[in-house]
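Just below is one structure, and these are the notes that go with it.
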Amino acid sequence: MARSKSARTAAPEAQGAKQLNRSLGWLAVLGAILAVAGLVGLVYTGFATLTSMLLFGWLLLIGGCVGLLHAVQSRGTNFFWLGVVVAALNLAAGVVIIRRPDVAAEALTMFAALLFLTGGVFRLVGSLVVRGPQFGWTLVQGAFGLLLGILVLANWPSSSQYVIGCFFSLALLFDGLGLLAAGLGGRRIVSMVAEGPDSGRPGGRGGPEEPEQPVQTEESLKAKPEGQEQSHN
Numbered sequence: 001m002a003r004s005k006s007a008r009t010a011a012p013e014a015q016g017a018k019q020l021n022r023s024l025g026w027l028a029v030l031g032a033i034l035a036v037a038g039l040v041g042l043v044y045t046g047f048a049t050l051t052s053m054l055l056f057g058w059l060l061l062i063g064g065c066v067g068l069l070h071a072v073q074s075r076g077t078n079f080f081w082l083g084v085v086v087a088a089l090n091l092a093a094g095v096v097i098i099r100r101p102d103v104a105a106e107a108l109t110m111f112a113a114l115l116f117l118t119g120g121v122f123r124l125v126g127s128l129v130v131r132g133p134q135f136g137w138t139l140v141q142g143a144f145g146l147l148l149g150i151l152v153l154a155n156w157p158s159s160s161q162y163v164i165g166c167f168f169s170l171a172l173l174f175d176g177l178g179l180l181a182a183g184l185g186g187r188r189i190v191s192m193v194a195e196g197p198d199s200g201r202p203g204g205r206g207g208p209e210e211p212e213q214p215v216q217t218e219e220s221l222k223a224k225p226e227g228q229e230q231s232h233n
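Per the UniProt record's numbering: the sequence shown = residues 1 to 233.
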């Protein structure tokens with residue numbers, strides 16, 4: 001009886017572990033694809049820049065269409081005109097980026113360089129003024145951001161051909177490596193949890209089965225002392 005109950009409870013657990021392993025395997029495959037795409041993008045930065053800009057433009061178009069439908073559904077409220085304006089801006093920006101991805105890349109590269117410059121200056125000034133426990137790390141971050149902004153602006157607009165693609169490829173690479181590590185590590189943990197507790201128990205997967213003990217009833221317990229008295233006589 002105990003063995004049948006343990007078998008019934010072990011079957012759903014094994015099925016759940018297999019499904020979780022399959023999901024984690026697909027996660028690892030997705031991470032590997034993203035990591036390979038990031039490496040290819042780092043080699044062909046111009047193609048990665050063009051691809052990222054076109055993808056960004058189509059995302060703006062889809063977001064504008066969805067926002068316009070949502071605004072139409074909420075007509076008669078205060079959100080209607082705001083939703084229409086935001087959707088129109090998204091649609092216009094998407095059309096401009098898709099038609100002229102090179103000009104859009106130049107504008108985004110200039111915007112990114114200005115962000116690096118302002119962020120680096122604020123981090124440098126803040127680290128020198130506050131001098132907190134993370135003084136050295138904040139100082140290095142500020143100097144790196146300032147130097148990167150200066151380098152991008154010094155080579156602009158030619159730097160727009162590879163800056164966006166390089167950042168996009170690095171994001172794909174690190175995201176892919178993170179998903180790959182999570183998938184492989186999760187599969188290893190699931191296998192350890194599924195096999196570890198049963199390996200040291202008798203009757204489990206890794207040990208010999210424990211022989212079944214006979215069930216002692218009340219009649220057998222009463223008959224046992226009588227048999228022992230006859231053996232003593």
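Every residue gets a Cβ at the ideal spot worked out from N, C-alpha and C, and that includes glycine.
Beta-carbon proximity list for residue i, same chain, < 8 Å, skipping 5 on both sides
| i | result |
| --- | --- |
| residue 83 | 67, 68, 70, 71 and 74 |
| residue 31 | 175, 176, 177, 178, 179, 180, 181, 182 and 183 |
| residue 59 | 94 |
| residue 15 | none |
| residue 156 | 106, 109, 110 and 113 |
| residue 47 | 41 and 165 |
C-alpha distance - residue i paired with residue j, whole-angstrom precision
| i | j | result |
| --- | --- | --- |
| residue 166 | residue 160 | 10 Å |
| residue 121 | residue 149 | 10 Å |
| residue 62 | residue 154 | 35 Å |
| residue 178 | residue 25 | 14 Å |
| residue 38 | residue 108 | 20 Å |
| residue 99 | residue 19 | 45 Å |
| residue 88 | residue 64 | 7 Å |
| residue 94 | residue 81 | 20 Å |
| residue 169 | residue 114 | 21 Å |
| residue 52 | residue 40 | 13 Å |
| residue 22 | residue 55 | 30 Å |
| residue 129 | residue 110 | 29 Å |
| residue 187 | residue 29 | 12 Å |
| residue 131 | residue 144 | 18 Å |
| residue 192 | residue 158 | 52 Å |
| residue 27 | residue 133 | 38 Å |
| residue 240 | residue 189 | Only positions 1 to 233 of the chain appear in the structure, and residue 240 is not among them; the question remains open. |
| residue 33 | residue 101 | 25 Å |
Contact check, residue i vs residue j, beta carbons under 9 Å
| i | j | result |
| --- | --- | --- |
| residue 152 | residue 163 | yes |
| residue 136 | residue 119 | no |
| residue 96 | residue 86 | no |
| residue 124 | residue 35 | no |
| residue 112 | residue 49 | no |
| residue 91 | residue 116 | no |
Neighbourhood of residue i by C-beta distance below 6 Å, restricted to the same chain and skipping five residues each side
| i | result |
| --- | --- |
| residue 45 | 162, 165 and 166 |
| residue 42 | 169 |
| residue 57 | 94, 97 and 98 |
Same chain, Cβ closer than 7 Å to residue i, neighbours up to 5 away in sequence not counted
| i | result |
| --- | --- |
| residue 77 | none |
| residue 127 | 135, 138, 139 and 142 |
What are the uninterrupted segments assigned as alpha helix (DSSP H) that are 4 or more residues long and contained completely in the region 117-186, given in chain order? Along the length of the region 117-186, whole alpha helix (DSSP H) runs at least 4 residues long occupy 135-154, reported in chain order.
Inside the region 20-105 only - alpha helix (DSSP H) runs reaching at least 4 residues: 45-73 and 79-99
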